[in-house]
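Protein sequences appear in the order of chains A and S. Here the numbering used here is used: the first residue of the first sequence is 7, the next is one more, and so on. Here the numbering used here is used: the first residue of the second sequence is 18, the next is one more, and so on.
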Amino acid sequence: MTRHGALWVGGAILLAVVAMAGLAGVIFPEDPFAMIDQPLLWPGTPGLPLGTDSLGRDIMADLFHGARASLLIGLASTAAAVGIGIVVGALAGYYRGLVDDALMRLTELFQTIPPFMLAIVLLVVLGTTLATIVTAIALVSWPAVARLVRSEFLSLREREFVQSCRVIGMSDARIILQQILPNALAPVIVTATVLVATAILMEAGLSFLGLSDPNVMTWGHMINMGKDQMRQAWYIVVIPGCALLVTALGLNLFGEGLNDALNPRLRRQ
Amino acid sequence: MAAARPASVARRDVLLGAALAATTTGATTIGAKAQAPKRGGTLVMSIIPEPASLVCAFNTAAPLTVIGPKFVEGLLSYDFDINPKPLLATAWNVSADGLAISFTLRQGVTWHDGKPFTSADVAYSVMELLKKFHPRGRSTLAPVTAVDTPDDHTAIFRLSRPAPAIMSALSSSEAPILPKHIYEGSDPLTNPRNNNPIGTGPFRLTQWQRGNFIEMERNPTYWDAGKPYLDRLVVRSFTDAGARAAAFERGELQLAGTTPVPLSEVASFRANPKFQVEDRGEELNNSLDIMEFNLRHPMLGKLEVRQAIRHAINSELMVRVVWSGLAMPLISPIPSTLTKWHSTDVPRYPYNPAKAAAMLDAAGAPRGAEGMRFKIRLDVPSISDVYQREAEFLRQSLRSAGIDVEIRISDVPSFLRRIYAEYDFDLSLLPASVTADPTIGLQRYYDSKAIRKGTFLVNASGYANPEMDAVLDAAAIETDAGKRRTQWERFQQIAMRDLPLIPLAMPLSISIASKTVHNFIAGADGLRANGAELWVE
Numbered sequence: 007m008t009r010h011g012a013l014w015v016g017g018a019i020l021l022a023v024v025a026m027a028g029l030a031g032v033i034f035p036e037d038p039f040a041m042i043d044q045p046l047l048w049p050g051t052p053g054l055p056l057g058t059d060s061l062g063r064d065i066m067a068d069l070f071h072g073a074r075a076s077l078l079i080g081l082a083s084t085a086a087a088v089g090i091g092i093v094v095g096a097l098a099g100y101y102r103g104l105v106d107d108a109l110m111r112l113t114e115l116f117q118t119i120p121p122f123m124l125a126i127v128l129l130v131v132l133g134t135t136l137a138t139i140v141t142a143i144a145l146v147s148w149p150a151v152a153r154l155v156r157s158e159f160l161s162l163r164e165r166e167f168v169q170s171c172r173v174i175g176m177s178d179a180r181i182i183l184q185q186i187l188p189n190a191l192a193p194v195i196v197t198a199t200v201l202v203a204t205a206i207l208m209e210a211g212l213s214f215l216g217l218s219d220p221n222v223m224t225w226g227h228m229i230n231m232g233k234d235q236m237r238q239a240w241y242i243v244v245i246p247g248c249a250l251l252v253t254a255l256g257l258n259l260f261g262e263g264l265n266d267a268l269n270p271r272l273r274r275q
Numbered sequence: 018m019a020a021a022r023p024a025s026v027a028r029r030d031v032l033l034g035a036a037l038a039a040t041t042t043g044a045t046t047i048g049a050k051a052q053a054p055k056r057g058g059t060l061v062m063s064i065i066p067e068p069a070s071l072v073c074a075f076n077t078a079a080p081l082t083v084i085g086p087k088f089v090e091g092l093l094s095y096d097f098d099i100n101p102k103p104l105l106a107t108a109w110n111v112s113a114d115g116l117a118i119s120f121t122l123r124q125g126v127t128w129h130d131g132k133p134f135t136s137a138d139v140a141y142s143v144m145e146l147l148k149k150f151h152p153r154g155r156s157t158l159a160p161v162t163a164v165d166t167p168d169d170h171t172a173i174f175r176l177s178r179p180a181p182a183i184m185s186a187l188s189s190s191e192a193p194i195l196p197k198h199i200y201e202g203s204d205p206l207t208n209p210r211n212n213n214p215i216g217t218g219p220f221r222l223t224q225w226q227r228g229n230f231i232e233m234e235r236n237p238t239y240w241d242a243g244k245p246y247l248d249r250l251v252v253r254s255f256t257d258a259g260a261r262a263a264a265f266e267r268g269e270l271q272l273a274g275t276t277p278v279p280l281s282e283v284a285s286f287r288a289n290p291k292f293q294v295e296d297r298g299e300e301l302n303n304s305l306d307i308m309e310f311n312l313r314h315p316m317l318g319k320l321e322v323r324q325a326i327r328h329a330i331n332s333e334l335m336v337r338v339v340w341s342g343l344a345m346p347l348i349s350p351i352p353s354t355l356t357k358w359h360s361t362d363v364p365r366y367p368y369n370p371a372k373a374a375a376m377l378d379a380a381g382a383p384r385g386a387e388g389m390r391f392k393i394r395l396d397v398p399s400i401s402d403v404y405q406r407e408a409e410f411l412r413q414s415l416r417s418a419g420i421d422v423e424i425r426i427s428d429v430p431s432f433l434r435r436i437y438a439e440y441d442f443d444l445s446l447l448p449a450s451v452t453a454d455p456t457i458g459l460q461r462y463y464d465s466k467a468i469r470k471g472t473f474l475v476n477a478s479g480y481a482n483p484e485m486d487a488v489l490d491a492a493a494i495e496t497d498a499g500k501r502r503t504q505w506e507r508f509q510q511i512a513m514r515d516l517p518l519i520p521l522a523m524p525l526s527i528s529i530a531s532k533t534v535h536n537f538i539a540g541a542d543g544l545r546a547n548g549a550e551l552w553v554e
């Protein structure tokens, strides 16, 4: 696939998911948890293109509302992770020395604990609401961003344009925010798209273990609720599973396409 | 696809019906008596999960109550109607005033270390161990003031007041008798023998590989000559239901209880001639799922609101979608398994959303924005996915009636603290064990004297009705069986009229055995029996 192909296909998938999320409330204004018909109706039942789950809920409606929650969780936790990562990475990379040591040890502390395990522990302690799930995923995702930003800063801070800024007496804050950060953002944006995919998958994994907000319909929650019926009604699990797969694929393609577009020198010929 | 719908439902119902018919006629276990038991062999069973120790006197964790009785025995065992049968006691007599229960103890019984079993062991176990350290024994045995031992084979319980519930709480799993010579002078909770028990039971521990298996061999000096039939009993803990189902199918596992396989697969086990599926054997336990109201809530404090909520719940549909049909809908807090006391003459609340809506309107809770009347929280302990499904079902039922519900799922310690120490809840969903006697299991949820902030699993609703208290207190000390039945009938009427809690359903606790296993459920003790009768082809 050409790099533009990846960008376009990924972008199209993302657009479709965003449209699902945006239209969920319009097409399916009812409560996604509403038990509207008999349980375990197969896809293709008149009026229910994707059938019903074990509690008699419309899987199509759940899928649309799930897109909304999954995207929200993915974007919010990535935004928070990127925010933390940039602050930590920028300070460490720009100031080096003691600040760097302290912040990097902290980052390593987070990196040595498997992220999924840490997220489970955090949710068990904090309880499972939408906000705590976003917090937990953000808290386990930021170290990668921090490392990336730090390495960019370490190399950029030695460039002539930065040194010239220093010579004319520009403050550290202005150098960091106006000079170095804009130049360091390209790889961060690429990483962020992958992080969104990771966050969505992690939410699904946590939901599968029962660590989801029971008041919010997500794809992971749909899989969790359907796993007992795997032998009789596999579609309950497979449908949201495919949605997850396609969304994650779309995000990865989009990220890869973006990477090629933003880093022309790294193009693989 | 649509056409296949009624057919598949019908097929499942037929299978279920056939399986239920097979179990209710007792074909699975009682029919096996026709065959002469075979000596020898090894049986592999599973418990969920592995227990922390092997003596069930200080801890009532479910797996421990299954494995403990293989080593240590109680005075009595029970038939399916909870009538006592001899075990370590061969005869018993309750005095006319109900203040003395005398037991004639079995002769010729020795502990695993060869010392004789005597009445001194019974007195020590009851007064020093069970009364002081057993979680339920503290209250069940509270009326016992002394155990007299006129000779080595007679033990007389002296009571401060009549306590009929004691006679249904002396099973091996609920009140095991432990050797005085091992426990005297030690801290019973940390006695090393808790992990390598000395008992009178049919099995002795040979090996315990933690996290893997517990292996027992037959006790050659067991008092019931010729038993146990098995040479070895191996207990393995499998982590999840799917793994247990696979182990059954591979033949690596022959016996397990507490619904060991996924609910959705029980029907296929019932239909499979390689297996036996038994619904009985839980009559001493009777764990119900209940939804308790916090009556301090301005809306939930109104009787009509609680009754309307009961009308809004379709119990039959709930049993079908939440438990795949493997639960009994309840019309009162005493389930029909307790045949002596279950009553059908109680206020009923058939599913009727229109009536529920009308009652809520009349109670001063009209529909407001988005059709909702008011919003409440439903607290759920994080025990299994089933509770989550149950909670979601309840939320949708209440939403249909215009009551918005937010579900809060928390780990068990947080749940207990929130409900019982802080009263920070509106509705709570929890399992409640009725046990073999409502005085032990149910009084604590209805008695106003059981409103004790900080004590877990008691009356958290704040329900206080002097009429209810009087019935409960009378039934707790009534020695006449007929009068006691009348009192429990009255209790069920008041409980279902006032509805401080809704008994939702009793999930079936199903035992599965491979076809070659015999006598695995022989009475109300179920898998909690001592296992002396078990044999394999």
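From the three backbone atoms N, C-alpha and C, an ideal C-beta is built for every residue, glycine too. Predicted, not measured: the structure shown is a model, and the values here were computed from it.
Whole-angstrom distance between residue j and residue i, CA atom to CA atom
| i | j | result |
| --- | --- | --- |
| L223 of chain A | P279 of chain S | Checking the sequence, you will find Met at residue 223 of chain A rather than Leu. Rounded to whole angstroms, M223 of chain A to P279 of chain S spans 24 Å at the Cα level. |
| V542 of chain S | G232 of chain A | Correcting the residue type first, residue 542 of chain S is Asp in the shown sequence and not Val. Spanning the two alpha carbons is a distance of roughly 34 Å. |
| T166 of chain S | A137 of chain S | 7 Å |
| I183 of chain S | E484 of chain S | 24 Å |
| G216 of chain A | M308 of chain S | 21 Å |
| L257 of chain A | G318 of chain S | 51 Å |
| Y480 of chain S | L516 of chain S | 9 Å |
| A25 of chain A | V422 of chain S | 29 Å |
| L395 of chain S | A512 of chain S | 21 Å |
| Q510 of chain S | P350 of chain S | 10 Å |
| L147 of chain S | G499 of chain S | 30 Å |
| T171 of chain S | D428 of chain S | 47 Å |
| T77 of chain S | P152 of chain S | 7 Å |
| I326 of chain S | M389 of chain S | 14 Å |
| V111 of chain S | V475 of chain S | 29 Å |
| I245 of chain A | V202 of chain A | 20 Å |
| I90 of chain A | Q184 of chain A | 18 Å |
| L272 of chain S | E495 of chain S | 39 Å |
| L411 of chain S | M335 of chain S | 9 Å |
Residue j beta carbon less than 9 Å from that of residue i
| i | j | result |
| --- | --- | --- |
| L521 of chain S | L320 of chain S | no |
| E90 of chain S | I194 of chain S | yes |
| A311 of chain S | S445 of chain S | Reading off the sequence shown, one finds Asn at residue 311 of chain S, where the question assumed Ala. Result yes, Cβ atoms of N311 of chain S and S445 of chain S sit closer than 9 Å. |
| F34 of chain A | H10 of chain A | no |
| S147 of chain A | A210 of chain A | no |
| Q460 of chain S | L489 of chain S | yes |
| F150 of chain S | L105 of chain S | no |
Counted within 10 angstroms of its Cβ, other Cβ atoms place residue i as buried (16 or more) or exposed
| i | result |
| --- | --- |
| T45 of chain S | Model confidence at T45 of chain S stands at a pLDDT of 42, short of 50, so the residue's coordinates are unreliable and nothing is read from them. |
| C248 of chain A | exposed |
| Q224 of chain S | exposed |
| K50 of chain S | In this prediction, K50 of chain S has a pLDDT of 48, which is less than 50 and means its spatial position is unreliable; what the coordinates show is noted afterwards. So K50 of chain S ends up on the exposed side. |
| D234 of chain A | buried |
| I330 of chain S | buried |
| E295 of chain S | buried |
| P220 of chain A | buried |
| N547 of chain S | buried |
| N269 of chain A | exposed |
| A438 of chain S | exposed |
Residue i Cβ short of 8 Å to the ligand MN heavy atom set
| i | result |
| --- | --- |
| A186 of chain S | Within the structure as shown, the ligand MN is missing, as the structure has no ligands at all. |
Interface partners of residue i on chain A, CB under 9 Å
| i | result |
| --- | --- |
| L446 of chain S | Result: empty, since nearest Cβ-Cβ is about 12 Å, beyond 9 Å. |
| A408 of chain S | P220 |
Contact set between residue i and chain S, taken where Cβ atoms lie within less than 7 Å
| i | result |
| --- | --- |
| S60 of chain A | V338 |
| V130 of chain A | D428 |
| A86 of chain A | Within 7 Å Cβ-Cβ: nothing; A86 of chain A doesn't reach chain S, min ~23 Å. |
Amino acids of chain S, ordered along the chain, whose beta-carbon sits closer than 9 Å to that of residue i
| i | result |
| --- | --- |
| D37 of chain A | Q413, R416 |
Residues that residue i contacts on chain A, provided the C-beta gap is smaller than 7 Å
| i | result |
| --- | --- |
| S281 of chain S | D234, Q235, R237, Q238 |
Where residue i meets chain S, residues with beta-carbon distance less than 8 Å
| i | result |
| --- | --- |
| T134 of chain A | I426 |
Taking one C-beta from the segment 168-181 of chain S and one from the segment 115-133 of chain S each time, how about it: are there three or more such pairs within less than 8 Å?
yes
Assess, as a yes-or-no matter, whether the segment 532-542 of chain S is touched by the segment 216-223 of chain S under the definition of 3 or more beta carbon pairs within less than 8 Å.
The segment 216-223 of chain S, when compared against the segment 532-542 of chain S, does not touch it at the 8 Å Cβ threshold.
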